[in-house]
């Protein structure tokens, strides 16, 4: 089974990337989160998933973040959710937010995501909620509501710098609990210091 691909990024498109490995060129379907972290003519390691279909050539899906790749595989466990549907879901919200929506059984918000109707949302919650890490839910729910938007912005900024989103979220939540009035600059500065220990 193909675990991943490491190679030179030769072309970056809206939702795809072309990676050169030796003399071969692979086209990977990627989320906006992954695309935003790429730059051309640099080597990257992509966690991969291969989709096979009788009437189409195999398709490759690539992820830079383990959390995103793991959530992609969790979404595939839901009935009638294939790779393309899973990618649409991942492209519409951060992995952490999707986990929170499923874990909190928020049918209304889940059904607002692309390609997800109410019945599909209800089925996904039944089938997937037990697979979501409960420790994540605890850390998400303890972020002060009044500071949630600041916290989310800080997490996005840290992820764009290459830090793991789960680690960034835990660190930001911890800082906001201890210093709820901290401004954005100090929040990011403190998180960077904490994660580089």
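In this note's numbering, the protein residues as written are 47 to 243. Ideal placement from N, C-alpha and C gives every residue a C-beta, glycine not left out. Keep in mind the model is a prediction, meaning the values are calculated, not measured.
What does the Cβ neighbour count give for residue i, buried or exposed, with the cut at 16 atoms within 10 Å?
| i | result |
| --- | --- |
| residue 170 | buried |
| residue 230 | exposed |
| residue 206 | exposed |
| residue 215 | buried |
| residue 172 | exposed |
| residue 100 | exposed |
| residue 219 | buried |
| residue 181 | With a pLDDT of only 44 at residue 181, under the threshold of 50, the placement of this residue in the model should not be trusted, and no figure is reported. |
| residue 224 | exposed |
| residue 226 | exposed |
| residue 195 | exposed |
Let me check one thing: in DSSP terms, what residues is residue i bridge-paired to?
| i | result |
| --- | --- |
| residue 173 | Looking at the DSSP assignment, residue 173 forms no beta bridge with any residue, so it has no partner. |
| residue 109 | 93 |
| residue 53 | 90 |
| residue 65 | 55 and 72 |
| residue 216 | Answer is none; residue 216 lacks a bridge partner. |
| residue 99 | 102 |
Could you pull out every residue in the same chain whose Cβ sits closer than 8 angstroms to the Cβ of residue i, ignoring the five residues on either side in sequence?
| i | result |
| --- | --- |
| residue 221 | 228, 233, 236, 237 and 240 |
| residue 174 | 120, 121, 123, 124 and 148 |
| residue 50 | 91, 92, 93 and 94 |
| residue 89 | 52, 53, 54 and 55 |
With residue i and residue j assumed to form a contact (beta carbons below 8 angstroms), what rounded beta-carbon distance in angstroms separates them?
| i | j | result |
| --- | --- | --- |
| residue 121 | residue 132 | 4 angstroms |
| residue 65 | residue 54 | 7 angstroms |
| residue 92 | residue 70 | Not really, about 14 angstroms apart at Cβ, beyond 8 angstroms. |
| residue 136 | residue 114 | 6 angstroms |
| residue 134 | residue 160 | 4 angstroms |
| residue 178 | residue 145 | 5 angstroms |
Identify, in the order they occur along the chain, each residue of the same chain with its Cβ nearer than 7 angstroms to the Cβ of residue i, setting aside the five sequence neighbours on each side.
| i | result |
| --- | --- |
| residue 187 | Any reading at residue 187 must be qualified, since the residue scores a pLDDT of 45, below 50, and its modelled position is unreliable; the value itself is stated next. If we look at residue 187 and ignore the five residues flanking it on each side, it has no Cβ neighbours. |
| residue 213 | 241 |
| residue 141 | 113, 114, 117 and 211 |
Taking the alpha helix (DSSP H) that residue i falls in, what are its first and last residues?
| i | result |
| --- | --- |
| residue 150 | From DSSP, residue 150 is part of no alpha helix (DSSP H); its letter is neither H nor E. |
| residue 239 | 230-241 |
| residue 123 | Counting along the chain, residue 123 falls outside any alpha helix (DSSP H), and DSSP gives it neither H nor E. |
| residue 137 | 129-138 |
| residue 78 | 78-82 |
Go through its chain and collect everything with a Cβ distance to residue i's Cβ below 6 angstroms, but skip five positions before and after it.
| i | result |
| --- | --- |
| residue 76 | 63 and 108 |
| residue 128 | none |
| residue 73 | 62 and 64 |
| residue 95 | 107 |
| residue 147 | 155 and 156 |
| residue 116 | none |
At what residues does the beta strand (DSSP E) containing residue i begin and finish?
| i | result |
| --- | --- |
| residue 60 | Element bounds for residue 60: n/a, residue is neither H nor E. |
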